[in-house]
Amino acid sequence: MADKLIKTALLGGSFNPFHNGHAAMSQVILRDKLADEVWLLPAKKPPHKPSWGYAPNEDRLAMLNAYAERNDRISVCDIELNLEGITYTAKTLEKLTELYPDRKFSFVLGGDSIVNFHKWFKPEIIVKLADIIIFTRDETDKKSIKEIIKDLKKSIGGNYIIADAENVDVSSSVIRINIKAGEDITRFVPEEIAEYIAEKGLYKEDDSEYDLEYFKSEMKNVLKPKRYKHSLGVMETSVKLAEIYGVDTTKAAVAGILHDNAKHFSAAELLNLCIQNNIDVKDSEKVDKKTIKSLLHSKAGAILAKNLYKVTDEDIINAIYYHTVGRPAMSRLEEIVFVADFIEPNRTHDSVPPLSELRIIAEKDLDRAVYLICESTIDHLDSLDSPINENTLLTRDYYRKHTGESL
Numbered sequence: 050m051a052d053k054l055i056k057t058a059l060l061g062g063s064f065n066p067f068h069n070g071h072a073a074m075s076q077v078i079l080r081d082k083l084a085d086e087v088w089l090l091p092a093k094k095p096p097h098k099p100s101w102g103y104a105p106n107e108d109r110l111a112m113l114n115a116y117a118e119r120n121d122r123i124s125v126c127d128i129e130l131n132l133e134g135i136t137y138t139a140k141t142l143e144k145l146t147e148l149y150p151d152r153k154f155s156f157v158l159g160g161d162s163i164v165n166f167h168k169w170f171k172p173e174i175i176v177k178l179a180d181i182i183i184f185t186r187d188e189t190d191k192k193s194i195k196e197i198i199k200d201l202k203k204s205i206g207g208n209y210i211i212a213d214a215e216n217v218d219v220s221s222s223v224i225r226i227n228i229k230a231g232e233d234i235t236r237f238v239p240e241e242i243a244e245y246i247a248e249k250g251l252y253k254e255d256d257s258e259y260d261l262e263y264f265k266s267e268m269k270n271v272l273k274p275k276r277y278k279h280s281l282g283v284m285e286t287s288v289k290l291a292e293i294y295g296v297d298t299t300k301a302a303v304a305g306i307l308h309d310n311a312k313h314f315s316a317a318e319l320l321n322l323c324i325q326n327n328i329d330v331k332d333s334e335k336v337d338k339k340t341i342k343s344l345l346h347s348k349a350g351a352i353l354a355k356n357l358y359k360v361t362d363e364d365i366i367n368a369i370y371y372h373t374v375g376r377p378a379m380s381r382l383e384e385i386v387f388v389a390d391f392i393e394p395n396r397t398h399d400s401v402p403p404l405s406e407l408r409i410i411a412e413k414d415l416d417r418a419v420y421l422i423c424e425s426t427i428d429h430l431d432s433l434d435s436p437i438n439e440n441t442l443l444t445r446d447y448y449r450k451h452t453g454e455s456l
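In our numbering, the protein residues as written are 50 to 456.
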């Protein structure tokens, strides 16, 4: 007879920092025998949350280990910190199931998270590999969650367990605000966490300065060599155009190097990332995998630029978001990145007018360059009998009128 599987609850989160709410959930799981043990699962800078104000991975891990050492049946699992690229719960569970066949996993969610659980990356795999423990705040919350569970069982299946949350009103962001203000946080976090934060001086200031060398290193690691070379070309061309048109060259460099930061994602990952972040995805943008990758990498790239790479400037975010299809009345920075993506020195594609001519035009009349690029793109897609994005048509029409080009 096979040995009984160890019931292991996975409590994931940024833990930035770990607080009394997290501790309460862990203790409820053990007290109510929902699992034999709890594994704290720290995430890397997740794509659905801003990353500025993050403590380094080693500090977040050290805080969790300090807490776990003083609490029986609570351990720390650092698997997501060591996985390459963006981590998703489905992929983490696949790896854990492979590594620990002696465990029966459950995954812990807050009541607010279950609402959008069906939009997560491959939720059907999550519920296949783990039970879902859901913490509720009150009876009203529990009632609405039961309705959500009913729908989830019909669509993706799964086993769901409702747990009652301890009444601990605290959030990591509030704790960080208190630290910056020099306030006492011992009422918010376990003793060992407060001691570590004080000793290391964590969360006292935001690190929001753009580090171009870091961005270049990150892009070199995640992009294929040819795509990275293209990104360097877009960065350099964006800076050159920014100098000509009086735009902040640092912003141009950041937008240029990061514009294709999501190019290495699969179509499914791009679509999921946009849906999770409530980004409008039109039917024409998801007709097939090729179209998704072509049109959604810019939208997903804007999400990652903001949430992973600490970019807070909306003009940079928008320049990344619209660099593929454009939009009417773009800002100068948006126009620069849109044009640079098309004409940077490593590009060799055919266009009308030729790239050599477009490069000269771009340095003299940026708006006209935008119009001509849209026109060339539309003509190319039309020759292939490929669908033309409506935003490209709107952009073409706006800049045609704006520059006085004749039909």
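No residue lacks a Cβ here, since even glycine has one placed at the ideal position from N, Cα and C.
Environment of residue i [buried if 16+ CB atoms lie within 10 Å]
{"i": "GLU133", "result": "exposed"}
{"i": "GLU439", "result": "exposed"}
{"i": "LEU421", "result": "buried"}
{"i": "VAL336", "result": "exposed"}
{"i": "VAL223", "result": "exposed"}
{"i": "LYS312", "result": "buried"}
{"i": "TYR103", "result": "buried"}
{"i": "GLY295", "result": "exposed"}
{"i": "TYR263", "result": "exposed"}
{"i": "VAL283", "result": "buried"}
{"i": "ARG119", "result": "exposed"}
{"i": "ALA243", "result": "buried"}
{"i": "SER75", "result": "buried"}
{"i": "ASP458", "result": "Because the chain is modelled from 50 through 456, residue 458 falls outside the range shown and cannot be assessed."}
{"i": "PRO457", "result": "The requested residue 457 does not occur in the structure, where the chain is confined to residues 50 to 456."}
{"i": "THR373", "result": "buried"}
{"i": "SER333", "result": "exposed"}
{"i": "ARG80", "result": "exposed"}
{"i": "LEU344", "result": "buried"}
{"i": "ASN321", "result": "buried"}
{"i": "THR361", "result": "exposed"}
{"i": "ASN356", "result": "buried"}
For residue i, the three-state DSSP class (helix, strand or coil)
{"i": "GLU86", "result": "strand"}
{"i": "LEU415", "result": "helix"}
{"i": "ALA304", "result": "helix"}
{"i": "ASP260", "result": "coil"}
{"i": "LYS331", "result": "coil"}
{"i": "LEU56", "result": "Note on identity: in this sequence residue 56 is Lys, with Leu being the wrong assignment. Strand, per DSSP."}
{"i": "ALA179", "result": "strand"}
{"i": "GLY350", "result": "helix"}
{"i": "LEU272", "result": "coil"}
{"i": "ASN440", "result": "helix"}
{"i": "ASN326", "result": "coil"}
{"i": "HIS313", "result": "coil"}
{"i": "GLU232", "result": "coil"}
{"i": "LEU251", "result": "coil"}
{"i": "TYR358", "result": "coil"}
{"i": "VAL217", "result": "coil"}
{"i": "PRO172", "result": "helix"}
{"i": "ASN165", "result": "coil"}
{"i": "ASP434", "result": "coil"}
{"i": "HIS429", "result": "helix"}
{"i": "GLY207", "result": "coil"}
{"i": "ASP364", "result": "helix"}
{"i": "HIS451", "result": "helix"}
{"i": "HIS68", "result": "coil"}
{"i": "ASP29", "result": "Outside the modelled stretch of the chain, which goes from 50 to 456, sits residue 29, for which no answer is possible."}
{"i": "ASP81", "result": "coil"}
{"i": "ASP297", "result": "coil"}
{"i": "ASP200", "result": "helix"}
Residues bridged to residue i (per DSSP)
{"i": "ALA212", "result": "PHE184"}
{"i": "GLY62", "result": "PRO91"}
Cβ-Cβ distance between residue i and residue j below 7 Å
{"i": "HIS68", "j": "VAL238", "result": "yes"}
{"i": "SER280", "j": "ASP260", "result": "no"}
{"i": "SER425", "j": "VAL401", "result": "yes"}
{"i": "ALA291", "j": "ILE385", "result": "yes"}
{"i": "PHE154", "j": "ALA179", "result": "yes"}
{"i": "ILE211", "j": "ILE175", "result": "no"}
{"i": "THR298", "j": "ARG152", "result": "no"}
{"i": "LYS195", "j": "ILE324", "result": "no"}
{"i": "ALA304", "j": "ILE352", "result": "no"}
{"i": "GLU147", "j": "THR136", "result": "no"}
{"i": "VAL217", "j": "ALA115", "result": "no"}
{"i": "SER221", "j": "ASN65", "result": "yes"}
{"i": "GLY207", "j": "THR185", "result": "no"}
{"i": "LEU89", "j": "LEU60", "result": "yes"}
{"i": "ILE410", "j": "ALA418", "result": "yes"}
Residue-level contact to chain C via CB, residue i, 7 Å cutoff
{"i": "PRO239", "result": "The structure shown contains no chain C; it holds only a single protein chain."}
(message) Which runs of the beta strand (DSSP E) at least 3 residues long sit entirely within the stretch 92-161? Give them in chain order.
(response) 123-125 and 152-159
(request) Within the stretch 371-414, note down every full alpha helix (DSSP H) run reaching 4 residues or more, in order along the chain. (result) 381-392 and 404-413
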